[in-house]
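Here the working numbering runs 591 ahead of the position in the sequence shown, where the first position is 1.
Ideal Cβ placement from N, Cα and C applies to all residues, glycine included.
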Amino acid sequence: MAKAQPLEPFLRSQGVDPHVISWFETSLNMKTTDDFAAFFRRDERGGLESKSGVPDNDIVGQIEPFNTSNPKARLQTARLRIAFSNVRKLGRDQGDNDSNDHNANGDNDGNNEKNGSIDNNDNNSNNNNDNNDN
592 MAKAQPLEPF
602 LRSQGVDPHV
612 ISWFETSLNM
622 KTTDDFAAFF
632 RRDERGGLES
642 KSGVPDNDIV
652 GQIEPFNTSN
662 PKARLQTARL
672 RIAFSNVRKL
682 GRDQGDNDSN
692 DHNANGDNDG
702 NNEKNGSIDN
712 NDNNSNNNND
722 NNDN
């Protein structure tokens with residue numbers, strides 16, 4: 592998992608308004624990107640919602656100077672969705688690097704899986720060729 596980054600600079604780099612950042616830090620006591628990632632989940636329409644089911648646009652609508660009908664609120668909601676995707680991607684990228692480190696240190700699990708799938712495909716090819724001979 593990626594090392595947690597401080598939340599404020601990360602969200603600022605994503606274009607999130609300082610009012611929104613401040614609200615997350617003070618009202619929800621979020622301090623890191625891990626806190627941010629753990630707070631949200633994807634909903635069925637592709638947006639975000641809190642783990643308790645509150646839609647992202649309702650969350651932004653609680654923050655002054657935004658409300659849910661304000662176009663700037665929709666922009667902030669979109670930026671939060673992008674930030675969520677980016678923080679999740681950072682975690683996956685770090686996870687990939689961790690598994691590469693294990694393979695470089697003699698852990699061959701990744702290679703065995705690849706070789707196993709190749710062998711299975713070869714066996715299936717041979718079985719198909721055997722069936723064609725009948």
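Per-residue DSSP class, three states only, for residue i
i, result
"Arg636", "coil"
"Pro646", "strand"
"Asn703", "At Asn703, the pLDDT of 38 sits below 50, so the modelled position is not reliable and the matter cannot be decided from this model."
"Gly652", "helix"
"Gly682", "helix"
"Asn694", "Here Asn694 scores only 39 on pLDDT, less than 50, and its place in the model should not be relied on; the value that follows carries that caveat. In the structure shown, Asn694 sits in a helix (DSSP, three-state: H, G or I)."
"Phe657", "coil"
Reference residue i; option with closest CA among the options
i, options, result
"Asp670", "Ala629, Val651, Ser641", "At residue 670 the sequence reads Arg, which differs from the Asp that was named. Measuring from the Cα of Arg670, the nearest candidate turns out to be Val651."
"Lys622", "Gly682, Gln667, Ser660, Gln596", "Gln596"
"Arg665", "Asp626, Gly606, Ala629", "Gly606"
"Ser604", "Gln667, Gln653, Lys642", "Gln667"
"Arg636", "Pro600, Pro646, Val678, Phe657", "Pro646"
"Gly644", "His610, Phe630, Ile654, Ser676", "Phe630"
Between the CA atoms of residue j and residue i - distance to the nearest angstrom
i, j, result
"Ser613", "Arg632", "21 Å"
"Asp598", "Thr624", "As written in the sequence, residue 598 is Leu, which differs from the Asp given in the question. So the alpha carbons of these two residues sit roughly 5 Å apart."
"Phe657", "Arg679", "26 Å"
"Leu602", "Asp626", "12 Å"
"Asn661", "Leu619", "22 Å"
"Ser583", "Asp634", "Nothing about residue 583 can be reported from this structure: the residues present for the chain run from 592 to 725 only."
"Pro609", "Ala628", "18 Å"
"Ile673", "Thr617", "22 Å"
"Lys594", "Lys663", "31 Å"
"Gly638", "Asp649", "12 Å"
"Val611", "Glu655", "8 Å"
"Glu640", "Gly682", "19 Å"
"Pro600", "Lys642", "23 Å"
"Gln653", "Phe615", "11 Å"
Residues sharing a beta bridge with residue i, DSSP
i, result
"Pro597", "Thr623"
"Ser641", "Phe631"
Closer than 6 Å: residue i CB and nearest the ligand HEM heavy atom
i, result
"Gln667", "This structure simply doesn't include the ligand HEM, nor any ligand for that matter."
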